[in-house]
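All remarks here apply to the structure that follows.
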Amino acid sequence: MNIQQKCGTVALLGEPNAGKSSLINALVGCKVSITAPMAGTTRDAIRGILNTKQSQIIFVDTPGMQRATNLLEHKMNRMISGAVKSADVICFVLDVNHVTDKVLKKLANYESFGVPVIIAVTKIDSTKPAKLFQVLDQLKQYQFIKEFVPVSALKKIGLDTLIECLEKYLPEGEPVYDDTLYTDSTERTMAAETIREAIINQLRDEVPTGVKVVITKYETMQRTTNIDADIICDKPNHKKIIIGNQGCLIRAIGIKARQKLEELLGQHVVLHTYVLVREGWRDQTNWLQD
Ligand SMILES: Nc1nc2c(ncn2[C@@H]2O[C@H](COP(=O)(O)OP(=O)(O)OP(=O)(O)O)[C@@H](O)[C@H]2O)c(=O)[nH]1
Ligand SMILES: [Mg+2]
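For what it's worth, this note's numbering labels the leading residue of the sequence shown as -7, then goes sequentially.
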């Protein structure tokens, strides 16, 4: 007999780089969403599923909230609104080191949504207790917020407390997903994201924000997965940067991505990457559709 009595969706919202994707990975206990030290890493609503004794929690990671300057960013903002509308609980992820008036103003907007809001004050491993207490004190003025939970995705602090707090506000219901699933992303999507993560972490500057990865071949054999991927960039000089001197960067990206893909898929991976230029793809609807 199934003893799980609750099931619901928790939207993880917050500023770019706040630590939302790191937190979903830590909560689910598996890598479901890519992370990087630069803002604007997550582009889609990524689902991570956690089964506890009492509940099935469907976490939705979202892109960081920002003012849109192109169609891609408009699409990302629509994704955030969609995640908010379908959420049973909002978990606002607040970087303890970046509590500004602007962030607090955005937070205050969630009062009108009529959904329980919980704040995960994250990255507490990177600050002194006095700073954390100061932030918690600042947050007390928002009486609509149900709970404040200090956490660290990096050091895995406060995760069980956060899960217990979220469970209190989930609706009763049967699990939606099979309990062996930890995400609803396909292997193909995860492969594209893994390659994009390798690019971002290799090129920590403006180039990755204009990069899209499209898987053109995904073939699973008995012991090997063959993957071909197009790396689409926005400008001809970005292509040069991604390839690097005598191909050194694209080689390093390929090696890193292949290692991660082999960990993810548990088998040998043959990866071929091709770098292409499609100027202005972030403003072209056909390129924004998968
Ligand atoms: N010290 C510390 N760093 C963290 C923690 N969580 C995330 N980070 C770092 O913060 C940076 C951003 O993390 P992400 O999880 O990618 O942030 P995000 O909110 O998903 O970012 P976007 O997708 O760009 O909106 C990365 O360098 C992480 O390693 C934490 O608990 N402690
Ligand atoms: Mg993210």
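Here a beta-carbon is modelled for each residue, glycine too, at the ideal position from N, C-alpha and C.
#### Entry: Beta-carbon proximity of Leu253 to Ala112, cut-off 8 Å
no
### Query
Near Met(-7), which residues of its chain fall below 8 Å by C-beta distance, leaving aside the five closest residues on each side in sequence?
With a pLDDT of only 44 at Met(-7), under 50, the local geometry of the prediction cannot be trusted, and the value read off the model is given with reservation. Answer for Met(-7): no residue qualifies.
### Query
Does DSSP put Phe264 in a helix, a strand or coil?
In the sequence as displayed, the identity of residue 264 is His instead of Phe. His264 falls in the strand class under three-state DSSP.
### Task
Excluding the 5 residues preceding and the 5 following Glu271 in the sequence, name in chain order all residues of the same chain whose CB lies nearer than 7 Å to its CB.
Asp226 and Lys227
### Query
Quick one: does the C-beta of Asp53 sit closer than 7 Å to a heavy atom of ligand 2?
yes
### Query
What residue from Lys94, Glu156 and Ala184 has the CA that sits closest to Tyr283's CA?
Residue coverage of the chain in this structure runs from -7 to 282, which leaves residue 283 outside it and unanswerable.
### Query
Is Thr1 closer than 8 Å to Ile41 when the C-beta atoms are compared?
no
### Message
Shorter than 7 Å, the distance from the beta carbon of Ala37 to the closest heavy atom of ligand 1, or not?
### Response
no
### Task
Write down every uninterrupted run of the alpha helix (DSSP H) in the region 127 to 185 whose length is 4 residues or greater and which is fully enclosed by it, in chain order.
151 to 160
### Query
Quick one: is the Cβ of Ser13 within less than 7 Å of any heavy atom of ligand 2?
yes
### Task
Could you name the residues of the same chain whose beta carbon sits closer than 6 Å to that of Gln58, not counting the 5 residues immediately before and after it, in chain order?
Pro8
### Message
By alpha-carbon positions, which one of Cys240, Gln46, Ala100 and Asn69 ends up nearest to Glu156?
### Response
Gln46
### Message
With H, G and I counted as helix, E and B as strand and the rest as coil, what does DSSP make of Lys227?
### Response
coil
### Message
Please state the DSSP three-state secondary structure of Lys115.
### Response
coil
### Message
Taking 8 Å as the threshold (C-beta atoms), are Lys(-2) and Glu139 in contact?
### Response
no
### Query
If you draw a straight line from the C-alpha of Ala18 to the C-alpha of Asn43, how long is it?
14 Å
### Query
Between Ile223 and Val203, which are expected to be in contact by the criterion C-beta below 8 Å, what is the C-beta distance as a whole number of angstroms?
6 Å
### DSSP state of Thr277 mapped onto helix, strand, coil
helix
### Message
Restricting to Cα atoms, I'd like to know which of Asp176, Ile247 and Val109 is closest to Cys83.
### Response
Val109
#### Entry: Beta-ladder partner(s) of Asn69, from DSSP
Answer by DSSP bridge pairing: none, since Asn69 is not bridged.
### Query
Any heavy atom of ligand 2 within a distance shorter than 7 Å of the CB on Ser25?
yes
### Query
Would you say the region 131 to 151 touches the region 169 to 182, given that touching needs at least three Cβ pairs under 8 Å?
no
### Query
To which residues of the same chain is Val88 closer than 7 Å at the C-beta, ignoring the five residues directly before and after it?
Val113, Thr114, Lys115, Ile116, Thr119, Lys123, Leu124 and Val127
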